[in-house]
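*Asks:* Before I ask anything, let me first share the structure, which is written out below as structure tokens.
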Amino acid sequence: MGLTLRELAQHPVTELRDVGPKLQERLAMLGIESALDLLQHYPRRYIDRRARAAIAELEPGVEATVDAEVQRITARRTRRGRPVVEATVSDGESLLSLVFFNQSWRQRQLPVGTEASFFGKVELYRGRRRMVNPAVDVLGRHGEEQTGVIVPVYPQSGKAEIFSWQVRRLVAACLAKTRVKGFADPLDEDLRRELRLEDRTRAYRGIHRPETGEDHRRAAHRLKFDEFLRMQVGLVARKRALEAERTGIRHRVEGPLVDAFLDRLPFGLTGDQRRAIDEIARDLASPVPMHRLLQGDVGSGKTVIALCALLMAVQGGYQGALMAPTEVLAEQHHLGISGMLEGLTVPSERTLAGDRPVRVALLTNRTGAAERRRLAADLADGEVDVVVGTHALIYGEVAFARLGVAVVDEQHRFGVEQRALLRGMGEDPDVLVMTATPIPGRPPCSSTATSTSPSCARCPPAGCR
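All letters in the sequence shown, in the order written, are residues 139 to 603 by the numbering used here.
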């Protein structure tokens, strides 16, 4: 059994031979206190030393990167007291001059014999190639072989005096200590093969000590997967804990109102839309509060699905609310929804006929004071079935008689606090959030999507591939 990440987190970096009290304090400034912190301090880029750029080939006026060894370095001050560090570096065949203004610490960073990567604009000065204030990545000290290999370049700190070459040495020592046991892998071999993932041991070695460019790319893919997996497991655990603590509304999902609405549509639903409606209906029929994402391109039919959810609440005697981020969008929703629900009725004991039209109202900051008071009274009395609005729905003196389902459009444009306020209204209403924004890392999808964890409705349970 290999080492788990939890076990690595329990081993301080001071267990490494080269880490004394002073270096421990400087590493802590970078957030590196344990073996796990060190191994998860990933390289920010790589320098392929298998093919080196020659200083003699550098063109003046062009930005370039060159790997070279420090031959000479001196420090002085100008007449005005400004520190200047001058260095001469060599790639074994040609020389390059470096000048650092107001960076006196470079003399400590680049003693003679240091190998480093220098990036900057090349200029000619007194017939010699020169760089002024180049970016520097220290690759190694004198005697440390770094030719013919891929060198990882780590995030470093001049303030903490922790440089890439130091991190690289410590990581190598840490990997050597873990070589016998390796790393425990939560994914079995069959699953790794199916998902085309490296095992965790190869991933940590590939990200820090790649032999080819493909090594660190495959390693990064596996380690990113691990981060998302840990995050998702935490979210699922939190969701299950909330489900165990909270009780919601059992909606009457089968009824004449939704059927009448779907029968009146001038078009048929797609298979994806029907599946999305069925999944939402299962959630609404459950006593566990729903919090579901509905994602799809503009024009893919998200509003129809959201209306079905709202009407499932209404036909059971509850109210629905749709919150939009802007007044213009709220007004557009109100106009479209009013037209789509025109002619539909709900039972009412206050009319001779025993029913009344489904009432859709609009509440924004443009709503006048008198109309706002009338609307608030009708909402509290249960005479408004569906209300469309902006932030005014949650920040005004609005009280629902029985809010059952809340729909949030373009949910990424609302803050966490605003969504929490909407969820907290009524009897812990079910929440459906809609967005046309593609989910990061997933291909664009023209079909309507729905999921408690964002995966596309057109795809298998494993999610978009």
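All C-beta atoms, glycine included, are put in the ideal place defined by N, C-alpha and C.
(1) Helix, strand or coil, according to DSSP, for Y184 in the structure here?
(2) Under the three-state reduction of DSSP, which class applies to A225: helix, strand or coil?
(3) Three Cβ pairs or more, each shorter than 8 Å: is that satisfied between the region 174-185 and the region 223-233?
(4) I need the straight-line Cα distance from L501 to A574, nearest angstrom please.
(5) Could you check how far apart the C-beta atoms of H389 and L422 are, in whole angstroms? I think they sit under 8 Å.
(6) Any heavy atom of the ligand FAD closer than 6 Å to the Cβ of L422?
(7) Which one of F238, R218, Q245, G251 has the shortest CA to CA distance from D229?
(8) Which residues bound the beta strand (DSSP E) around L431?
(9) Can you confirm whether T408, when its beta carbon is compared against all beta carbons of chain C, has any partner nearer than 7 Å?
(10) Since D353 is in the alpha helix (DSSP H), which residue starts that stretch and which ends it?
(11) By a C-beta neighbour count over all protein chains shown, 10 Å radius and 16 as the cutoff for buried, is P578 buried or exposed?
(12) From M478, M461, L233, pick the residue whose C-alpha is nearest to that of L262; which is it?
(13) Since G458 contacts A451 with CB under 8 Å, what's their CB separation in whole angstroms?
(14) Check the DSSP bridge columns for P290 and list the partner residues they point to.
(15) May I have the straight-line CA-CA distance separating R494 from E487, to the nearest angstrom?
(16) Does the Cβ of V374 have 16 or more other Cβ atoms within 10 Å, making it buried, or fewer, making it exposed?
(17) Got a sec? Which residues, its chain only, sit under 8 Å from A604 by beta carbon, not counting five neighbours each side?
(18) Does the distance from the C-beta atom of Y292 to that of F321 stay below 7 Å?
(19) In the DSSP assignment, the beta strand (DSSP E) including A310 goes from what residue to what residue?
(20) Check E261 in the structure and name its three-state DSSP category.
(21) Would you report the Cα separation of D447 and L403, rounded to the nearest angstrom?
(22) Compare the C-alpha of A398 against each of A202, A314, R144, G481 and name the closest.
(23) Along the chain, which unbroken stretches of the beta strand (DSSP E) at least 3 residues long are found entirely within the region 451-481?
(24) On the CB-based measure, 16 or more other CB atoms within 10 Å of its CB, does Q370 come out buried or exposed?
(25) Can you check DSSP and say which residues form a bridge with V546?
(26) Starting from D410, trace the alpha helix (DSSP H) in both directions and tell me its first and last residue.
(27) Just mark E253 as buried or exposed, buried being the case when its beta carbon has 16 or more other beta carbons within 10 Å.
(28) Looking at C-beta atoms only, is the number of pairs between the region 328-347 and the region 356-366 that lie closer than 8 Å three or more?
(29) Can you look up D205 in the DSSP assignment and give me helix, strand or coil?
(30) Buried or exposed for A491, going by 16 or more other Cβ atoms inside 10 Å?
(31) Look at the alpha carbon of P581 and the alpha carbon of L449, and state the distance between them as a whole number of angstroms.
(32) Within a Cβ cutoff of 8 Å, which residues of the same chain sit near G281, ignoring the five residues on either side of it in sequence?
(33) Taking the alpha-carbon of V545 as reference, which of G434, V525, A539, G199 has the nearest alpha-carbon?
(34) Give the secondary structure of I577 by DSSP, where H, G and I count as helix, E and B as strand, and everything else as coil.
(35) Run through DSSP, which three-state label would D328 get?
(36) Please report the residue range of the beta strand (DSSP E) in which A491 lies.
*Replies:* In terms of the structure at hand:
(1) Position 46 of the sequence shown, counting from 1, holds the residue named residue 184. In the three-state scheme derived from DSSP, where H, G and I count as helix and E and B as strand, Y184 is classed as strand.
(2) Position 87 of the sequence shown, counted from the first residue, corresponds to residue 225. Note: A225 maps to strand in three-state DSSP.
(3) no
(4) In the sequence shown, counting from the first residue as 1, residue 501 sits at position 363. In the sequence shown, counting from the first residue as 1, residue 574 sits at position 436. Cα-Cα distance, rounded: 23 Å.
(5) Taking the first residue of the sequence shown as 1, we reach residue 389 at position 251. Taking the first residue of the sequence shown as 1, we reach residue 422 at position 284. Indeed, because the Cβ distance is near 4 Å, the residues count as touching under 8 Å.
(6) With respect to small molecules bound, the structure shown includes none, and the ligand FAD cannot be examined in it.
(7) For the purposes of this step, residue 229 is taken as the residue at position 91 of the sequence shown. Closest by alpha carbon: G251.
(8) Sequence index remark: in the sequence shown, residue 431 carries index 293 (1-based). It spans 429-433 - the beta strand (DSSP E) in which L431 sits, taken as one unbroken run.
(9) Of the protein chains in the structure, only one exists, and it is not chain C.
(10) As a working note, residue 353 is residue 215 in the sequence shown. From DSSP, the alpha helix (DSSP H) with D353 extends over 351-383.
(11) As a working mapping, residue 578 is identified with position 440 in the sequence shown. Summary for P578: the model assigns pLDDT 45, below 50, so the residue's position carries little reliability; its value from the coordinates is reported in the next sentence. By the neighbour-count criterion, in which 16 or more other beta carbons inside 10 Å mark a residue as buried, P578 falls on the exposed side.
(12) The count along the sequence shown starts at 1 and reaches residue 262 at position 124. Considering only alpha carbons, the answer is L233.
(13) As a working note, residue 458 is residue 320 in the sequence shown. As a working note, residue 451 is residue 313 in the sequence shown. Sure, about 5 Å apart at Cβ, within 8 Å.
(14) In the sequence shown, the residue the question calls residue 290 occupies position 152. DSSP lists Y184 as partners of P290.
(15) Position 356 of the sequence shown, counted from the first residue, corresponds to residue 494. Position 349 of the sequence shown, counted from the first residue, corresponds to residue 487. Answer to the nearest angstrom: the Cα atoms are 9 Å apart.
(16) Counting from one through the sequence shown, the residue named residue 374 turns up at place 236. Its Cβ having fewer than 16 others within 10 Å, V374 is exposed.
(17) As displayed, the chain neither begins before 139 nor continues past 603, which places residue 604 out of reach and without an answer.
(18) Sequence index remark: in the sequence shown, residue 292 carries index 154 (1-based). Sequence index remark: in the sequence shown, residue 321 carries index 183 (1-based). No; because the gap between Cβ atoms is not below 7 Å, this pair is not in contact.
(19) Your numbering for residue 310 matches position 172 in the sequence shown. Unbroken run through A310 is the alpha helix (DSSP H), 302-316; no beta strand (DSSP E).
(20) As a working mapping, residue 261 is identified with position 123 in the sequence shown. If DSSP states are grouped into helix, strand and coil, E261 belongs with the strands.
(21) Residue numbering aside, residue 447 sits at position 309 when the sequence shown is read from its first letter. Residue numbering aside, residue 403 sits at position 265 when the sequence shown is read from its first letter. Per the sequence shown, the amino acid found at residue 447 is Ala instead of Asp. Computed Cα separation, rounded: 16 Å.
(22) Position 260 of the sequence shown, counted from the first residue, corresponds to residue 398. Considering only alpha carbons, the answer is G481.
(23) 457-461
(24) As a position in the sequence shown, residue 370 is number 232, starting the count at 1. Burial call: exposed.
(25) Walking along the sequence shown from the start, residue 546 turns up at place 408. According to DSSP, which records beta bridges pairwise, V546 is partnered with M461, V571.
(26) Within the sequence shown, residue 410 is the residue found at index 272, counting from 1. Element bounds for D410: 409-423.
(27) Your numbering for residue 253 matches position 115 in the sequence shown. That one is buried.
(28) yes
(29) On the sequence shown, residue 205 is found 67 positions in, with the first residue counted as 1. Three-state DSSP puts D205 in a strand.
(30) What you label residue 491 is simply residue 353 of the sequence shown in a count that begins at 1. Exposed.
(31) Start at 1 with the first residue of the sequence shown, and residue 581 comes out as number 443. Start at 1 with the first residue of the sequence shown, and residue 449 comes out as number 311. With a pLDDT of 42 at P581, under the threshold of 50, the modelled position of that residue is not reliable, and the figure given next carries that caveat. C-alpha separation (whole angstroms): 32 Å.
(32) Counting from one through the sequence shown, the residue named residue 281 turns up at place 143. Reliability fails at G281, whose pLDDT of 49 lies under 50, so the model's placement of it is uncertain and the value that follows must be treated cautiously. If we look at G281 and ignore the five residues flanking it on each side, its Cβ neighbours are G251.
(33) Taking the first residue of the sequence shown as 1, we reach residue 545 at position 407. Ranking the options by Cα distance to V545, first place goes to V525.
(34) Position 439 of the sequence shown, counted from the start, is the residue given in the question as residue 577. For I577, the predicted model reports a pLDDT of 47, less than 50, meaning its position is unreliable and no value from the coordinates is stated.
(35) As a first step, residue 328 is located in the sequence shown; it is residue number 190 there, counting from the start. Three-state DSSP puts D328 in a helix.
(36) Here the question's residue 491 lines up with position 353 in the sequence shown. Following the DSSP letters along the chain, one finds A491 in no beta strand (DSSP E), marked with neither H nor E.
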